[in-house]
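What follows is a set of notes on a single structure, which appears directly below.
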Amino acid sequence: MQQIIYFFLRNKNFLLFLSLFLLSIFINFRSNSYTSSKIINSSSAIVGYLYDNLTNIKNYFNLIEENKKLIEENKFLRLRIINTSPDTISNFINYNITTGNVIKNSYNLTKNYITLDIGRNQGVEIDFAVISSNGVIGIVDRISSNYSRVISILNTNINLNAKLKTSNHFGTLSWNGKNPSYVQLKDLPKQAFLKIGDTITTGGNSLIFPKGILIGSIKSYKLDNSQNYLELEVELFNDMSNINHVYIIENQKINEIRSLDE
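Just so you know, the sequence shown maps onto residues -7 to 254 in this note's numbering.
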């Protein structure tokens, strides 16, 4: 469909000329002046209609390009704010941010994945973090030249380091494969002070996610079987069934840090 539209846009002048030329030939074969004048008036209306619709189509594609520019500007502003904020500069200064769009998403399985329209050619690598404006989405686990696959936060194989926003008490975040609106945070020390509605963010013990990325809010909690740790039910800020535009985050120091463990 887009190729057809582009064809008309590229050849609009020729098509307009051809239309007017055919109309002029038709008019020359008509001897009745009244009919000729009606045809001329009609042709003017048709030309006006064509121009109007071509303009609308052109404006539509201009809006798409303008939207892309605004998204990039928003990404740039977010990165600048992150990297200059006194409270978060130590968390984000070593990270790059790239934008992408979701082209495939599953959320009703136990092992869900997301496909993005950005890959190796655009600088994406395995183990890059993926977030939206509402919080954590997942981690890149496969890449091709122009696409990447993300292991979703709604995947029973994923484990994330997560913490209370109001303290440094942290635990392990995972998904039990049931409700796609909730994930579970375990191994949180029972002495941690918390209440229903408190915010959960990414912890500081991760090479993939910066500290402080939103995840969700506490829906309920209880002591685990050992009676030493808390188990939290966390309601996601993201609606994982309705995600589109995402940010892909690269930790520029990840290879250097990993080399210390070799």
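Glycine is no exception: its CB is placed at the ideal position from the N, C-alpha and C atoms.
A quick note: this is a predicted structure, and the numbers were derived from the prediction, not measured.
Item                                                                                                                                   : Value
Member of L177, I143, N138 and H237 whose CA lies at the smallest distance from the CA of T91                                          : H237
Nearest-angstrom Cβ-Cβ length linking E225 and Y174, presumed shorter than 8 angstroms                                                 : 6 angstroms
Other residues of its chain near G262: CB distance less than 7 angstroms, five sequence neighbours each side excluded                  : Residue 262 cannot be examined here, being either before or after the span of the chain that is shown, -7 to 254.
Neighbourhood of N126 by C-beta distance below 7 angstroms, restricted to the same chain and skipping five residues each side          : L206, F229 and N230
Selected residue, minimal CA-CA separation from L156, among I143, L186 and Y87                                                         : L186
Test item: CB-CB of D179 and T191 under 7 angstroms                                                                                    : no
Assigned secondary structure, I192 (DSSP; H/G/I helix, E/B strand, else coil)                                                          : strand
Close Cβ partners of I150 (< 6 angstroms) along its chain, the five nearest in sequence each way excluded                              : I143
Backbone secondary structure at L215 - three-state DSSP                                                                                : strand
Alpha carbon of N171 to alpha carbon of S209, nearest angstrom                                                                         : 15 angstroms
Collapsed DSSP secondary structure at N197 in the structure displayed                                                                  : coil
Contacts around S11, its chain only, beta-carbon distance under 6 angstroms, and the 5 residues preceding and following it disregarded : none
C-beta contact flag for I131 and I200 at 7 angstroms                                                                                   : yes
N286 to N86 span [Cα, whole Å]                                                                                                         : No answer is possible for residue 286: it lies beyond the span of the chain, which begins at -7 and ends at 254.
Other residues of its chain near E227: CB distance less than 7 angstroms, five sequence neighbours each side excluded                  : S173, Y174, G208, S209 and K211
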